[in-house]
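Per the numbering used here, residue 2 is the first one in the sequence shown, and the count goes up by one each step. Backbone N, C-alpha and C fix where the C-beta goes; we use that ideal spot for every residue, glycine too. Beneath this line is the structure, given in structure tokens, with notes to follow.
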Amino acid sequence: MAMAEPSSAGRERFGVASEPTMRLSAPVLDLIGGLLFLATALWLWFGAASIEDTGQGLNGPAGFPRGVAILLGGSALMLAIQGAAALSGRRLERPVTVQRPMSVLAAIMLVILYPFLLHWLGYYAATGLWLLPFFWISGCRSPLLILGCSVGFLVFTKVLFETVLGTPLP
């Protein structure tokens with residue numbers, strides 16, 4: 002894993018921060034990503050078992066997370082197989098450059114935290130609190146832009162779900 006300095010042209014334009022990049026082997030990334038996504042798919046599948054059973058099978062409340070688990074698991078399996086095939090020499094290896102790797106890791110941690118915030122705070126409070134650091138680690142450094150996008154997104158979801166679709170969010 003080699004670290005490289007970002008170009009000066011990409012620094013601090015439009016209130017967006019830059020940081021070093023990281024170059025990794027694509028097959029290794031494919032294999033690691035595939036296995037992580039497969040673990041997530043299994044977590045979704047077995048987590049859906051804790052949802053109240055209405056006797057409707059895949060048409061019930063557990064149907065959506067199980068459907069996502071099937072699609073994610075299939076895609077993850079293909080990605081892991083592709084990575085393993087490349088590592089065994091059956092495919093040419095190509096390098097992958099990860100821009101701002103620490104920001105990517107922080108975003109992953111925020112995504113993992115989000116469902117817990119939803120459970121504790123409800124949709125609007127959790128999403129509002131979650132979007133602020135998410136925009137920041139995504140590179141946006143303008144407080145007005147962060148606040149405007151966060152409030153705009155919350156207003157959009159309120160109008161869409163409660164007004165248009167008639168489905169209140171928790």
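| Check | Outcome |
| --- | --- |
| Do three or more CB pairs link the segment 76 to 85 to the segment 23 to 35 at distances below 8 Å? | yes |
| Taking the continuous beta strand (DSSP E) assigned at proline 66, which residues delimit it? | It is not in any beta strand (DSSP E) - proline 66 instead sits in the alpha helix (DSSP H) that spans 64 to 88. |
| Within the same chain, show all residues whose beta-carbon is closer than 7 Å to that of glycine 48, passing over the 5 residues directly before and after it, in chain order. | Pro66 |
| By Cβ distance, which residues of its chain are closer than 6 Å to leucine 30, with the 5 residues on each side in sequence left out? | Val97 |
| Spatial neighbours of isoleucine 147 within its chain, please: CB distance less than 7 Å, with the 5 preceding and 5 following residues excluded, ordered by chain position. | Leu133, Phe136, Trp137 and Cys141 |
| With a threshold of 16 other CB atoms inside 10 Å of the CB of leucine 39, please say whether the residue is buried or exposed. | buried |
| Helix, strand or coil for threonine 168? Go by DSSP, reduced to three states. | coil |
| Using the beta-carbon count (16 or more within 10 Å), is leucine 106 buried or exposed? | exposed |
| Which word fits aspartate 101, buried or exposed, when buried means at least 16 other C-beta atoms lie within 10 angstroms of its C-beta? | The question names aspartate, yet the displayed sequence has arginine at residue 101. By the 10 Å Cβ count, arginine 101 comes out buried. |
| Rounding to the nearest angstrom, what Cα-Cα distance links serine 139 and isoleucine 52 in this structure? | 33 Å |
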